[in-house]
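Peer 1: Note that the protein sequences, when read in sequence, are chains A and B.
Residue 2 is where the first sequence starts when you use this note's numbering, and the numbers rise one by one after that.
Residue 4 is where the second sequence starts when you use this note's numbering, and the numbers rise one by one after that.
For glycine and all other residues, C-beta sits at the position ideal for the given N, C-alpha and C.
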Amino acid sequence: MTPAAEALRRDDDRELVRLAKSDDKEAFELLVRRHQSRVFAVAGGILRNKEDVEDVAQQVFVKAYFSLKRFDQRAAFSTWLYKITVNECWDVLRKRKVRPLLYESDLSEEQAHEYNGFSEKATVPDVSDRLEARERVEKLLVDLDERDRLMLILKEVQGFSVEEIAEILEINGNTVKVRLFRARRRIMEKVKRRDAAK
Amino acid sequence: MPTGPNREVRGCQEFREELEALPLKNTESVLDGLSPASLAHASGCVECREAAEDLALTRAALQPLGELSPEPGPWFATRVMAAIAGRESEMDLSDALWVSIRRLAPRLVAVCALLLLLASTWTYQLRRVEIVGPPQVASNEAVLEPGQSAPLNDDVLINATEGHR
Numbered sequence: 002m003t004p005a006a007e008a009l010r011r012d013d014d015r016e017l018v019r020l021a022k023s024d025d026k027e028a029f030e031l032l033v034r035r036h037q038s039r040v041f042a043v044a045g046g047i048l049r050n051k052e053d054v055e056d057v058a059q060q061v062f063v064k065a066y067f068s069l070k071r072f073d074q075r076a077a078f079s080t081w082l083y084k085i086t087v088n089e090c091w092d093v094l095r096k097r098k099v100r101p102l103l104y105e106s107d108l109s110e111e112q113a114h115e116y117n118g119f120s121e122k123a124t125v126p127d128v129s130d131r132l133e134a135r136e137r138v139e140k141l142l143v144d145l146d147e148r149d150r151l152m153l154i155l156k157e158v159q160g161f162s163v164e165e166i167a168e169i170l171e172i173n174g175n176t177v178k179v180r181l182f183r184a185r186r187r188i189m190e191k192v193k194r195r196d197a198a199k
Numbered sequence: 004m005p006t007g008p009n010r011e012v013r014g015c016q017e018f019r020e021e022l023e024a025l026p027l028k029n030t031e032s033v034l035d036g037l038s039p040a041s042l043a044h045a046s047g048c049v050e051c052r053e054a055a056e057d058l059a060l061t062r063a064a065l066q067p068l069g070e071l072s073p074e075p076g077p078w079f080a081t082r083v084m085a086a087i088a089g090r091e092s093e094m095d096l097s098d099a100l101w102v103s104i105r106r107l108a109p110r111l112v113a114v115c116a117l118l119l120l121l122a123s124t125w126t127y128q129l130r131r132v133e134i135v136g137p138p139q140v141a142s143n144e145a146v147l148e149p150g151q152s153a154p155l156n157d158d159v160l161i162n163a164t165e166g167h168r
C-alpha cells in the first residue's frame with residue numbers, strides 16, 4: 002500500500018497534504034476525490050449553472066495544488082479549500098455582475114433536460130417539478146444578502162457548522178449566528194405570507 | 004446559579020447554541036434532537052420555540068436545493084490532475100527557457116561586447132580613411148554653384164601658350 006493510500010485509509014488529511022506538498026501526485030488526487038463532492042456542493046450553493054460549478058471546482062483544485070506549498074496546515078485542509086471555492090465563486094459572479102438566479106421560464110426545453118442531469122441523487126423524477134421546487138426556494142432567497150444566502154445554504158443545506166462557516170467567510174462566529182437567525186426569520190416571514198396568500 | 008431574568012437569558016443562549024449545533028437530519032422535528040434541559044426551557048419560552056420552528060421550516064423549505072446540488076462526474080479527479088499536469092508542463096517550458104537564457108547570458112554578453120568592439124573599430128577606420136584619403140571630386144551641385152563660371156576660350160588659349168613656353 003502506498004503512503005498516500007495508507008493516509009487515506011486512516012482518514013488523515015494532514016498526512017495527505019504533507020505527501021502532496023512533497024510532490025506526491027497520488028496523494029493530491031486522493032485529496033481531490035475526498036473533497037470534490039463538498040466543493041461542488043459549496044460552489045453549487047452560490048452558482049446555478051452546472052458548467053460554471055464544474056469549471057470553478059476544477060479551478061479550485063488547480064489553485065490549491067499550486068498554493069499547497071504556502072498552506073501551513075493551521076486550519077483544516079477542507080476549510081482552506083472551501084475558502085478558495087467561495088472566493089472563486091464570488092470572482093465569477095463579480096465578473097458577470099448578475100445575480101445567479103435561475104427560473105424555469107429562463108430555460109429552454111433542451112436546457113431543462115440538461116439541468117435534469119445536474120444531480121444523480123435527486124429524488125423528484127420530473128424535471129419541471131424539480132425546477133419548480135427550486136424556483137420556489139430561489140424566490141425565498143432572492144431578497145437575502147449574498148453572504149446571508151451563502152451562510153444559510155452552507156448551514157441548512159450542506160450541514161456546515163457555525164465555526165466552519167465563520168472560518169470560511171472570515172467572520173466572527175457570533176456574527177454568523179445572528180445573521181443566520183435573521184435570515185431564517187426573513188425566510189419564514191415570506192413562507193407565511195406565501196402560505197397565507199394561497 | 005443565576006436566577007430570574009439572568010437564568011432565562013442563559014437558558015435562551017444555551018437553547019440557541021444547541022439548536023445551531025443540531026445535525027441536518029433533524030428537519031421534521033428539531034425539538035426531538037434537543038436535550039431535556041433545552042426542551043424544558045422551550046416549553047416556557049415562546050421566542051425559543053419560534054426559533055426552533057424557523058429552523059425546522061427553513062430546512063424543509065431549502066431541501067430542494069440539497070436534492071439538486073451538483074455532483075462531480077466520475078472523471079472529475081482525472082481531469083483535475085490532467086489540468087495540473089498541463090499547467091506544470093507549461094511552467095516547465097517557460098522555466099527551461101529562462102534557465103537556458105540565464106545559462107547563455109555570459110556568452111551572449113561576451114559576443115555582444117566583441118560585436119560592439121568590431122563595429123566601433125570599423126567605424127573609426129572608416130572615418131580615418133575619409134579624413135586622410137584623397138580630396139573628393141566636387142559634386143555636380145558644386146560645379147553649378149554661382150560665382151564659379153566656366154572657363155572661357157581665351158583663358159584656355161592663354162594657359163596653353165604659357166605651357167609651351
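By DSSP, does R97 (chain A) sit in helix, in strand, or in coil?
Peer 2: helix
Peer 1: Are E74 (chain B) and S38 (chain A) closer than 9 Å when you measure CB to CB?
Peer 2: yes
Peer 1: Check the Cβ-Cβ distances between M152 (chain A) and every residue of chain B, and say whether any is below 9 Å.
Peer 2: Cβ-Cβ to chain B under 9 Å: no for M152 (chain A).
Peer 1: How about H33 (chain B) and A55 (chain B): do their beta carbons lie closer than 9 Å?
Peer 2: The sequence shown places Val at residue 33 (chain B), not His. Their beta carbons are under 9 Å apart, which means V33 (chain B) touches A55 (chain B) by this criterion.
Peer 1: To the nearest whole angstrom, what separates the beta carbons of I87 (chain B) and Y83 (chain A), a pair I think is in contact under 8 Å?
Peer 2: 19 Å between Cβ atoms; not a contact.
Peer 1: Can you tell which of B:D98, B:H44, B:G76 has its C-alpha closest to the C-alpha of R13 (chain B)?
Peer 2: B:H44
Peer 1: Identify which residue in A:E139, A:R49, A:A167 has its Cα closest to the Cα of R97 (chain A).
Peer 2: The shortest C-alpha separation from R97 (chain A) is found at A:R49.
Peer 1: Assuming the contact rule is C-beta atoms closer than 8 Å, R15 (chain A) and Q74 (chain A) should be a hit. Round their C-beta distance to whole Å, please.
Peer 2: 6 Å
Peer 1: How long is the line joining the alpha carbons of A28 (chain A) and R150 (chain A), rounded to whole angstroms?
Peer 2: 34 Å
Peer 1: When you compare the segment 188 to 196 of chain A with the segment 136 to 143 of chain A, are there three or more beta-carbon pairs, one atom per stretch, that lie closer than 8 Å?
Peer 2: Note that the segment 188 to 196 of chain A touches the segment 136 to 143 of chain A; at least 3 beta-carbon pairs, one per stretch, sit closer than 8 Å.
Peer 1: Could one say the Cβ of V125 (chain A) lies closer than 9 Å to chain B's Cβ atoms, at least one of them?
Peer 2: Since pLDDT at V125 (chain A) reaches only 45, below the 50 mark, its modelled position is unreliable, and the value read off the structure follows with that caveat. For V125 (chain A), the answer is yes, since a Cβ of chain B falls inside 9 Å of its Cβ.
Peer 1: Who are the Cβ neighbours of T86 (chain A) in its own chain at under 8 Å, not counting the five residues just before and after it?
Peer 2: V40, V43, A44, V57, A58, V61.
Peer 1: Quick one: give me the first and last residue of the alpha helix (DSSP H) that F182 (chain A) is part of.
Peer 2: Counting along the chain, the alpha helix (DSSP H) containing F182 (chain A) begins and ends at 174 to 198.
Peer 1: Looking at the C-beta of V18 (chain A), does it have a partner C-beta in chain B at a distance below 9 Å?
Peer 2: no
Peer 1: Going straight from the alpha carbon of L68 (chain B) to that of E164 (chain A), what length do you get?
Peer 2: Cα to Cα, L68 (chain B) sits roughly 22 Å from E164 (chain A).
Peer 1: Short of 8 Å Cβ to Cβ, which residues in the segment 83 to 102 of chain B face chain A?
Peer 2: V83, M84, A86, I87, R90
Peer 1: Note down, in chain order, each residue of its chain lying with its Cβ closer than 7 Å to the Cβ of A5 (chain A), except the 5 sequence neighbours on either side.
Peer 2: L17, L20, D25, E27, A28, L31.
Peer 1: Helix, strand or coil: which one does DSSP assign to N50 (chain A)?
Peer 2: coil
Peer 1: Could one say the Cβ of V87 (chain A) lies closer than 9 Å to chain B's Cβ atoms, at least one of them?
Peer 2: no
Peer 1: Counting only Cβ pairs nearer than 7 Å, list the residues of chain A close to G69 (chain B).
Peer 2: Result: V158.
Peer 1: Counting C-beta neighbours from all protein chains within 10 Å, is the total for E20 (chain B) 16 or more, i.e. buried, or is it exposed?
Peer 2: Residue environment for E20 (chain B): exposed (fewer than 16 other C-beta atoms within 10 angstroms of its C-beta).
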